[in-house]
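Chains as they are written, first to last, in this note's numbering: chain H, 68 to 634; chain P, 68 to 634.
Note that the Cβ used here is the ideal one computed from N, Cα and C, for glycine as well.
As structure tokens, this is what we get:
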């Protein structure tokens, strides 16, 4: 008898795997129990994961279906979120999950970011639509913490980190799509130092809701006489309700939600059209004050970086739960007969997991989810190292910062001029670390052949990096964006393979000491299998992409427009 | 000013490309004007495409949005289709598009199948949800034409080919999913030779509707005492309304629609749960009579083959129109600045098509759509050759039949035992034809290097074919399904590249005789560029997949179940 689908399709996380990453692969312990993580030990971190997982499954998991069915309701410019979202928001902030890594100055628990990224994965995986409301509030607060004036930090950060107030990021305009430089929202200076904001922004996630007492919008706008394009944009703090410096909330700031847009799968999150200053009464202040006019783009990228990591974690969380649910289903459901009985039409039916191609797909999902998650934890671990080492060993801190810069996928979002810097950093650090790993493990009894494949991929990646640098230096600029996405893919595949093999080497050493009856024996075997599969299946593709780059195929550029089609 | 989105997002086809395939690449003319295609010449075929394209954009294209918004309505077991579908069904059959290749004995126009497949692409591309109703009626009629008794053909075929009656295929049952052998629908013989049918089928596309006077369901069911599994299934003709041999429609046959299921993107097509014999009054007859009991699976595969080609054509039609719409959009919309001005934030904005990576994506879409369509036309051209040659040159007809068998992707649907036959056929014909093409063109000035890559892919594919055969012969059966999907991918990529290069050689020869100002100059250049791009980008991957097969990686099979995850 098959299990009911509700039981099967529930959020799942593999906590054993999360603990492996933190304490066996990245050895986070080395940072714990001393500044700036005095309050944190291995037990505190493990308990946080267990408790947050329980909370997520009990409190926000059940709201997934409700949020999707009810959606958000817009009346007279105000949005009502689905039943239960308001109580869940309160519970999230009371339990402290959202501010776990926030600095104690702003009311947080100051945990390592490597813990926070896994907490974020659990929250997002249990209910993506819900998680976007606090996610955006948090990101907006981080921008104010980084670039705001003293008064701005005091007024906004504690309130936004604690969930008293929400927050958003207002980037896109109706006529401009993602061409941010074409933004027309205007900011006109008033006598009191504030600016009057006028314009419309679209696709604003969580742009209006009833979860918090106020919402702080970060809005890209152009002051009078500012340069055209992205160089003339300033980031403004524009609250939904005006507030005095002591946090008392007052009258409306003339920000209204004109419509809710539909985004598939996240019905519970209000994606809004926001109108600023329809009645001429909307005011805002530049993040960091007038000294920071026209620096909106670089400030926004701070938030975009966080948002990009967030979107990556969102992807991991959904893929991971999908993998674990597929696994449970495959262990339970019977279909078809085993290939061993291929000539016998009356053979008994087999469970899906007994079919080889199903196992391959499961192992494919496992290796990708675990490899990409390892990269995300590696990134945050480097962030924690920067935080721990700055002022103590600035050279080492700078190395870790280089790793952080490399691991956030800059090229696409920052524009092609940044690809150059990624290449330089890659040549200086990244690739060398892989080389060391390959040298240390290419004689490994079980994983040596896979390590050698990693080495071959690393060399191919090195050659492609040189190609990109050469194109830059010789002014062969059109080839750079033609290959940038494929280059990023190669970097991502190579580094995922590295993370998986690094984990597999650790797992294989543990296997040697464990009897086969121990539960961890199967766990470690799974890590070795995932790494072997990925190295054999995906890594050869890196070499093939590098070879294609070496060819410098220009056919997409050289073809005349009329040659694409005859309509 | 950008164009309104409605104008951009309209069904589009590139008729120049369709004519190239028919008359330049596959030289369909050689079959025209003589038996069995006496009535067909190049002009008739070209005019049909022009007229059908006009009809599809005017009559069924505008019903797409209506069908999606309204969906289908179920009341008291009967389904009402969206506004306009009934008139469109009538117009489709009156204009003759659906029966264009049907034998004249059954009221059709007897055209080559190579024309029909392109007509199907246009109908499906303009309105997929609508096109499924006549598509299934057509497929069901083909099964009766192939396997039915004389009386069954007389009663059903002309009516189903002409749209007087509809038709469906009833395969899946609620407890069994796609595990057809577990079907429980029962058939009990009555004194008058009919069978009483009892059971429930799900996911029946077009299972109930108001477009035709009757609907003929083909239902897989098990007679009393039949063997277990797929060997005990018989295919029954089960009309919605009972009919006498002269076609007069009478009382209800106790078939009712219990619910409409939701399938994303084809809201206008009623996907039904059908209940047969809830009141004990549903009767059916075996396709081909009692002599064909327990042969339901092989009869059903006839329809499945047609359905598979149909689904392939559906995919091509949607992808092709998406490509042509994306192209129009890219030529129109401006965003970002050219990479040439990467240091200048105030640079003028460029049209999207001026960005190299956008061009790459467009060329990628173009090459895949055109390559896969060429394979579909090649398949139908071989079918037409079989039809023209049978009885005249049976050896040559058998060669063409082998090509047909190979090109319908058998392995996945027929089960792994058929993979063996595909491999044998591949070794005997397929691969040799590619070898001849490579030998003839590897010295080609512009395309020689790409042809050599095709040769390398062909050799890699040959080695993989031998691997599969060896696994079969040595009883290493678990490896076969582990690699079957990847093997199919390699076959598909290699043959798509072959089709593109074959077209490119023809196009390049024409280019030599055309001044650059001729409109066809850009068209032929596009074909050369698509082939070069595909050969350089996709073909090297075939060799890498073959190398991975050579490794015989067994990690997905060897890993214990508990090793996949710890939950």
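Check residue 324 of chain H in the structure and name its three-state DSSP category.
strand
Given a threshold of 16 other Cβ atoms within 10 Å of its Cβ, counted over all protein chains shown, does residue 561 of chain P qualify as buried or as exposed?
buried
In angstroms with no decimal places, state the Cα-to-Cα distance between residue 82 of chain H and residue 192 of chain H.
13 Å
Does the stretch 164 to 181 of chain P come into contact with the stretch 231 to 248 of chain P, if we say contact requires no fewer than three beta-carbon pairs (one atom in each stretch) closer than 8 Å?
no
Unbroken beta strand (DSSP E) run spanning residue 301 of chain H, endpoints
300 to 306
Which class does residue 340 of chain H belong to by DSSP, given the choice of helix, strand or coil?
strand
On the three-state DSSP scale, how would you describe residue 477 of chain H?
With a pLDDT of only 36 at residue 477 of chain H, under the threshold of 50, the placement of this residue in the model should not be trusted; the figure read from the coordinates follows. The answer is helix: DSSP assigns residue 477 of chain H an H, G or I state.
Closest Cβ-Cβ distance between residue 511 of chain P and chain H: below 8 Å?
no
Could you tell me whether the stretch 106 to 113 of chain H touches the stretch 298 to 316 of chain H, where touching means 3 or more Cβ pairs closer than 8 Å?
no
Mind listing the chain H neighbours of residue 270 of chain P? Cutoff is C-beta to C-beta under 8 Å, in chain order.
The premise fails here: residue 270 of chain P is roughly 15 Å from chain H at the closest Cβ pair, so nothing lies under 8 Å.
Is residue 631 of chain H close to chain P? Criterion is C-beta to C-beta, closer than 8 Å.
yes
Report the three-state DSSP secondary structure of residue 237 of chain P (helix, strand or coil).
strand
Contact set between the stretch 611 to 623 of chain H and chain P, restricted to residues whose Cβ is under 7 Å from the partner
611, 614, 615, 618, 620, 622, 623
Measuring only the C-alpha atoms, how far is residue 342 of chain H from residue 92 of chain H?
48 Å
Under 8 Å between the Cβ atoms of residue 184 of chain H and residue 380 of chain H?
yes
Can you pull the chain H neighbours of residue 291 of chain P, defined as C-beta to C-beta under 9 Å?
Ordered by position in chain H, no residue passes the 9 Å Cβ test against residue 291 of chain P, which lies about 17 Å from the chain.
Can you find a CB in chain P that lies within less than 8 Å of the CB of residue 604 of chain H?
yes
Unbroken beta strand (DSSP E) runs of length 3 or more, entirely within the stretch 100 to 151 of chain H: which are they?
140 to 142, 145 to 147
So does the stretch 155 to 163 of chain H actually touch the stretch 209 to 223 of chain H, counting three or more Cβ pairs closer than 8 Å?
no
Count the other CB atoms within 10 Å of the CB of residue 585 of chain P; is the residue buried (16 or more) or exposed (fewer)?
exposed
Using a Cβ-Cβ cutoff of less than 7 Å, which residues in the same chain neighbour residue 623 of chain H once the five nearest sequence positions on both sides are dropped?
549
Secondary structure at residue 401 of chain P, three-state DSSP: helix, strand or coil?
strand
DSSP state of residue 511 of chain H, grouped into three classes?
coil
Those residues which DSSP pairs with residue 281 of chain P across a bridge
P/232
Nearest CA to the CA of residue 216 of chain H: which residue from H/108, H/357, H/528, H/196?
H/357
Beta carbon of residue 123 of chain P nearer than 8 Å to that of residue 190 of chain P
yes
Which value, in whole angstroms, describes the spacing of the CA atoms of residue 478 of chain H and residue 535 of chain H?
Unreliable placement is indicated for residue 478 of chain H, whose pLDDT of 29 sits below 50; no coordinate value is reported for it.
Integer Cβ distance of residue 286 of chain H from residue 303 of chain H, believed to fall under 8 Å:
5 Å
Rounded to whole angstroms, what is the Cα-Cα separation between residue 104 of chain P and residue 383 of chain H?
57 Å
Is it buried or exposed for residue 533 of chain P, if we count other Cβ within 10 angstroms and need 16 for buried?
exposed
For residue 52 of chain H, return the contacting residues in chain P, with the cut-off set at a CB-CB distance below 7 Å.
Chain H is shown only over 68 to 634; residue 52 of chain H falls outside these bounds and no answer can be derived.
Label residue 508 of chain P either buried or exposed according to how many other C-beta atoms from any shown protein chain fall within 10 Å of its C-beta, with 16 as the threshold for buried.
buried
Does the Cβ-Cβ distance between residue 608 of chain H and residue 617 of chain P come in under 8 Å?
no
Taking residue 178 of chain H as the reference, which of H/454, H/418, H/612, H/459 has the closest Cα?
H/454
Spatial distance of residue 267 of chain P from residue 306 of chain P (CA atoms)
15 Å
Just grab the DSSP bridge partners of residue 351 of chain H for me.
H/262
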